[in-house]
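Engineer:
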Amino acid sequence: MPFDFKLPDLGEGITEAELRRWLVKEGESVREHQPVAEVETDKAVVEVPSPRPGTVGRLARREGETVRVGETLLTIIEEGAAPAAERPKSVGIVGELPEAEEEHEILASPLVRKLARERGIDLREVRGNGPRGSITPEDLERVPALARTATETFGPTERIPLRGVRRAIARNVIASQRNTASVTGMEEADITELWELREREQQAVEGRGAHLTFLPFFIKAAQHALREHPWLNAAIDDGAGEIVLKKHYHFGIAVETPDGLMVPVIRDVEKKSVIELAAEVQELGKKARERTIALDEMRGSTFTLTNYGHFGGVFATPIINWPDVAILGFGRIADRPWVHRGQIAIRKILPLSLTFDHRVTDGADAAAFLMKVVRYLEDPALLFIESI
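Numbering-wise, the sequence shown is residues 1247 to 1634 according to our numbering.
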């Protein structure tokens, strides 16, 4: 008996995924819960398990295609299938998965489909107002035409599908800009003492299996400063009209990967040492770059750090990792002339940029927080004195 296995709900509000790789072939036997496909969602690469045993009758999609939740992935030929009411439910990375609904049929005439192709319109995104919800030529007129003609009139171009991590980034930054009132403040810190401390201790830390960068110190400085400025470690519950002050410190860390920017989360940073943070930063960064990171390791942040100075940037206006309400960016450390103890000296200067949601807190609080971070970085001994 053929059974059409449709892409199930993967949780996290994910509505579609890109089929990266088939793990089975047509004619091959599959066991219940055996992974049959590898798909890439907005956040991670996950394996989709078969809900039933049988033989693969047909692979309904090609690798690289985008599959929406509810669309058929493959057909499984069952032997002696049990009645539907007794069939086991799908199980996936987020636990038991609901069975997908029937694929939505697109009702459109050949003329409408031709017009849509010419204009580059995806009919799945069009609301039909014709008989039985069919899409009419008038419906297409309400969809903004692609800028294909305008942009390609002036010379050769290359079109690259917006998918995977890049699509998630595009969606998230627009959501952030739409849902926050962003303001960016900037400061500079003389981190010469911190530089010397890191140089002095780096070899000992590497002997314990971790590479000591500046980022763990930045994390500690921000976490200590947030204890005095809790409005920046918060979120807004728009439905309830409330600001949610978070009593825990889970930091998102922006990581550059070949696929784009990802933000794994380090939990409970207030309970971890600099060495522990160094090891965790290293491990999560590796997982993010290799796309083996789990969804759970990329959610639940309360505050975010981004170290774009590693790539040469100085100041920036980092975009808030919504629904966080603030993000702290660190620029490139440079030798600069600086007034130190009343004398001009060459010092290690670190630029900082803080973007915060003005709906939650004001510039005075944000500036005070930023100066507190500067103080911890300029005198790292305070981190130990004020640790609890």
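In this text, a Cβ means the ideal position worked out from N, Cα and C, and glycines have one as well.
The structure presented is a predicted model; accordingly, all values stated were derived computationally and were not measured.
What's the gap between the Cα of ALA1481 and the Cα of ASN1553?
Structural biologist: Answer to the nearest angstrom: the Cα atoms are 22 Å apart.
Engineer: Identify which residue in GLY1506, GLU1624, GLN1469 and GLY1431 has its Cα closest to the Cα of ARG1513.
Structural biologist: GLN1469
Engineer: Among GLN1423, GLU1434 and VAL1302, which has the Cα closest to the Cα of GLU1624?
Structural biologist: GLU1434
Engineer: Who are the Cβ neighbours of ALA1362 in its own chain at under 7 Å, not counting the five residues just before and after it?
Structural biologist: LEU1369 and LEU1386
Engineer: Considering LEU1617, what are the terminal residues of the alpha helix (DSSP H) in which it resides?
Structural biologist: Here the sequence assigns Met to residue 1617, which means Leu is not the residue at that position. That run of the alpha helix (DSSP H) goes 1609 to 1624.
Engineer: Which residues in the same chain as PHE1249 place their Cβ atom closer than 8 Å to its Cβ, once the five residues preceding and following it in sequence are excluded?
Structural biologist: ARG1298, GLY1300, THR1321, ILE1322, ILE1323, GLU1324 and ALA1327
Engineer: Is DSSP giving HIS1470 helix, strand or coil here?
Structural biologist: helix
Engineer: If you count every other CB in all the chains shown that lies within 10 Å of the CB of ALA1524, and 16 or more means buried, which is it?
Structural biologist: buried
Engineer: How about ILE1521 and VAL1451: do their beta carbons lie closer than 8 Å?
Structural biologist: yes
Engineer: What does HIS1586 pair with, by DSSP beta-bridge criteria?
Structural biologist: Bridge partners of HIS1586: GLN1589.
Engineer: Can we say the region 1271 to 1291 touches the region 1301 to 1315, given the rule of at least three CB pairs closer than 8 Å?
Structural biologist: yes
Engineer: Put LYS1594 into one of helix, strand or coil per three-state DSSP.
Structural biologist: strand
Engineer: If you draw a straight line from the alpha carbon of ILE1465 to that of GLY1588, how long is it in whole angstroms?
Structural biologist: Taking the straight line from one Cα to the other gives about 30 Å.
Engineer: Would you list the one or two residues that DSSP bridges to TRP1441?
Structural biologist: For TRP1441, which the question treats as bridged, DSSP gives no partner whatsoever.
Engineer: Is the CB-CB distance between ALA1467 and LEU1629 below 8 Å?
Structural biologist: yes
Engineer: Answer yes or no: do TRP1441 and LYS1594 have a C-beta to C-beta separation smaller than 8 Å?
Structural biologist: yes
Engineer: Measure the C-alpha to C-alpha separation of MET1508 and ILE1420 and round it to an integer number of angstroms.
Structural biologist: 16 Å
Engineer: Leaving out five residues on either side along the sequence, give the residues of the same chain with a beta carbon under 8 Å from the beta carbon of SER1428.
Structural biologist: SER1422, THR1563, ILE1565, ILE1566, THR1601, PHE1602, ASP1603 and HIS1604
Engineer: Just verifying my parser: in three-state terms, what is the DSSP assignment at TRP1477?
Structural biologist: Of the three classes helix, strand and coil, the one that applies to TRP1477 here is helix, per DSSP.
Engineer: Kindly indicate the opening and closing residues of the beta strand (DSSP E) around ASP1250.
Structural biologist: 1248 to 1252
Engineer: Taking the CB atoms as reference points, tell me whether TYR1495 and LEU1478 lie closer together than 8 Å.
Structural biologist: Here TYR1495 is not near LEU1478, since their CB atoms are 8 Å or more apart.
Engineer: Just to confirm before moving on: does the CB-CB distance between LEU1265 and ARG1307 stay below 8 Å?
Structural biologist: yes
Engineer: Could you check what DSSP says for PRO1564 in three-state terms: helix, strand or coil?
Structural biologist: coil
Engineer: Mind checking PRO1377: buried by the 16 CB within 10 Å criterion, or exposed?
Structural biologist: Answer is exposed; the Cβ neighbour count stays below 16.
Engineer: Which residue comes first and which comes last in the beta strand (DSSP E) that contains ARG1314?
Structural biologist: Here the beta strand (DSSP E) through ARG1314 covers 1312 to 1314.
Engineer: Under a Cβ-count criterion, where at least 16 other Cβ atoms within 10 Å of its own Cβ denotes burial, should ASP1570 be classed as buried or exposed?
Structural biologist: For ASP1570, the number of other beta carbons within 10 angstroms of its own is at least 16, and it is reported as buried.
Engineer: Checking 8 Å against the spacing of the C-beta atoms, do VAL1292 and VAL1285 come in under that value?
Structural biologist: Yes, they are a contact pair.
Engineer: Tell me which same chain residues have a C-beta within less than 8 Å of the C-beta of LEU1551, skipping the five on either side of it?
Structural biologist: LEU1461, PHE1464, ILE1465, ALA1468, PHE1497, GLY1498, ILE1499, ALA1500, ILE1573, LEU1574, GLY1575 and PHE1576
Engineer: For VAL1620 and ALA1613, what's the separation of their Cα atoms in angstroms?
Structural biologist: Cα to Cα, VAL1620 sits roughly 10 Å from ALA1613.
Engineer: Could you give the distance in angstroms between the alpha-carbon of GLU1474 and the alpha-carbon of ASP1611?
Structural biologist: 10 Å
Engineer: Just to check my reading of the structure: PRO1510 and ALA1534 have Cβ atoms closer than 8 Å, yes? What is that Cβ distance to the nearest angstrom?
Structural biologist: 5 Å
Engineer: According to DSSP, is PRO1299 helix, strand or coil?
Structural biologist: coil
Engineer: Assuming GLY1401 and GLY1609 form a contact by the criterion Cβ under 8 Å, report the distance between their Cβ atoms to the nearest whole angstrom.
Structural biologist: With 8 Å as the limit, GLY1401 and GLY1609 do not qualify as a contact, their Cβ atoms being about 45 Å apart.
Engineer: Just to confirm, is the Cβ distance from ASP1505 to ARG1412 under 8 Å?
Structural biologist: yes
Engineer: Assuming the contact rule is C-beta atoms closer than 8 Å, LEU1443 and PRO1626 should be a hit. Round their C-beta distance to whole Å, please.
Structural biologist: 6 Å
Engineer: By DSSP's criteria, ASP1581 is part of a beta bridge. Which residues make up the other side?
Structural biologist: LYS1594.
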